[in-house]
Ligand code: F6R
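Okay, here's the thing in structure tokens:
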């Protein structure tokens, strides 16, 4: 979760950047830096490890006069936290300084393509961007064109701001894919760029949000927007209202929509610093035992409530697959009253966004009394669950205001994936090739979740057609079964439609009696080992005139014409598919709720944190 701030105008840039960085420090603070554009032309670059206060001490009284610059606060993904890996990064000739947030997925390939002559001074993916842009500049490309051409060679989801040395006062911002947003602040004779709206608000309320694939050419006197093909764009500059809630919601109508759309960033943040690419491995703090402790474990029990419980059901697959430990999932409210058999060889993993859910806490107390080691997966720093557990893996998803959970489900699944991989390494059961393959696949998740959000227009159309039905079924098998349950839960709580989630194999044992033309089914039919079984379940529904909305794998056209609606997911590793397959179902529930005029952020009868039994 890196933070970006940039300024160009008539005022001294240094203090504005340092203030902005203080505002962004919550996003990450393992290192930070600023670059200023000096008349000369020349770039002044200063970088430090540790918190922003260290950067302020370093530059105090020594900041050169400059009216344009970029600043960055970092939370390491590629390359350890160190001064050499801190941003801004430059090319060897210092033609350009770059700050960056997100992951350049093909950075190794790009590094190799730059040839032996390219001399790198950091271990980051960001530096590759600086080299690529500098090469275009050296060949005479205009700065905007240089960034655009360089980005054409990259894959991944990220945002950046580039500051060319030879044109003090000019900044180029770009957003690639959905992770890592950029907001452009429009002032009088000055402009700012930031990763968060909040960092701009002390300066201006007039802002424009870059969409994936857009670039901004920013100078004190104005901003030019272009798309990835270089075509000129007209972008609306929005006036942000002063109400605190409106400010937090940004440009979204509802917190739910905001949080749903924050998922690429949230997933990136939960992976950051934990999934390392070189060599691919997981490094997880918060695991309260070493190899010996892990090898003493005999089983794992996962507990939670509601959506967090469904994340546990996915986590169980990961624990069994990667750590080869027997794993069970228990509803925390049932677990505590069942007198479960527990001992110090049973690891209890709890999942709770709030860390304050009464039943989950009670289950954790039960486990503590039995001497079980405990890990909690939690989004709220300092919450009660983090005080009961021996170790915490934080979701880092930021506040989830909407009552219905979205980003905390996808990040919980990613956190459980990380825990299982880490545990597998400790127990010695995880093949190194599988760890490497899963780490690479996980680093692609933010981009894949972003692509899944692009299905919104299609899903909104489906929502319009299906909003008046009174009953829905959701079916899935294997890893898709808990997501079918989640699809049903989201629809129930947001739109008050009766919905049931089932493992598809169970359908013939009762639920199929419900099916006729008035009961649509959302069927998750991905190209995995149970695809053929799902396909026959779909045929059975069709034979009873039940409308089917199928969620299928990228490129799979085999159900076209056999079902009413087909939603094609972006490509994703099968083991990580729940993080992506749930997105269209979240969108469906949201849009059906809108169609029905429901209160999406505060559905009736619900509370965000259930602190009573
Ligand atoms: C559903 C939802 C709830 C929560 C549940 C547990 O959208 O948000 O089902 O998942 O109340 O809450 P936490 O995770 O705070 O323990």
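Residue numbers (our numbering): 10 to 622.
All residues carry an ideal CB built from backbone N, CA and C; glycine is no exception.
Residue i - DSSP class collapsed to helix/strand/coil
i	result
residue 272	helix
residue 393	helix
residue 605	coil
residue 620	Because the pLDDT of residue 620 is 48, which lies under 50, any placement of that residue in the model is unreliable, and the number read from its coordinates should be weighed accordingly. Looking at residue 620 - three-state DSSP - the assignment turns out to be coil, as it is neither helix nor strand.
residue 17	strand
residue 383	strand
residue 546	helix
residue 173	strand
residue 82	strand
residue 228	strand
residue 236	strand
residue 252	For residue 252, the pLDDT reaches just 46, beneath the cut-off of 50, and the residue's location in the model is therefore unreliable, leaving the point undetermined.
residue 67	helix
residue 308	strand
residue 284	strand
residue 24	helix
residue 12	strand
residue 278	helix
Option in the options with minimal Cα separation from residue i
i	options	result
residue 399	380, 415, 162	380
residue 192	242, 340, 210	210
residue 502	455, 332, 598, 585	598
residue 650	86, 71, 95	Here the chain covers residues 10 to 622 and nothing more, so residue 650 does not appear.
residue 609	413, 582, 296	413
residue 633	280, 64, 160, 385	This structure cannot settle anything about residue 633, because the visible part of the chain is limited to 10 through 622.
residue 286	89, 296, 228, 382	89
residue 277	553, 112, 558	112
residue 47	66, 32, 72	72
residue 219	202, 581, 372, 28	202
residue 607	49, 263, 336, 302	263
residue 12	430, 168, 299, 510	168
residue 66	24, 232, 45	24
residue 574	339, 582, 580, 593	593
residue 534	309, 590, 508	590
residue 109	98, 452, 102, 118	98
residue 627	21, 42, 333	The structure shown does not extend to residue 627, since the chain spans only 10 to 622, so no value can be given for it.
residue 315	68, 268, 354, 363	363
residue 224	205, 265, 182	182
residue 124	144, 106, 135	144
residue 431	173, 384, 409	384
residue 249	228, 195, 301	195
Beta-carbon proximity of residue i to residue j, cut-off 8 Å
i	j	result
residue 536	residue 565	yes
residue 291	residue 444	yes
residue 466	residue 605	no
residue 142	residue 116	no
residue 406	residue 416	yes
residue 217	residue 246	yes
residue 549	residue 576	no
residue 510	residue 483	yes
residue 424	residue 386	yes
residue 296	residue 429	no
Residue i: CB within 7 Å of a non-hydrogen atom of the ligand F6R
i	result
residue 412	yes
residue 369	yes
residue 18	no
residue 494	no
residue 548	no
residue 315	yes
residue 704	Absent from the structure is residue 704, since the part of the chain shown begins at 10 and ends at 622.
residue 362	yes
residue 366	yes
residue 502	yes
residue 498	yes
Beta carbon proximity, residue i to chain B, threshold 8 Å
i	result
residue 48	Judged by its chain identifiers, the structure shown contains no chain B, having just a single protein chain.
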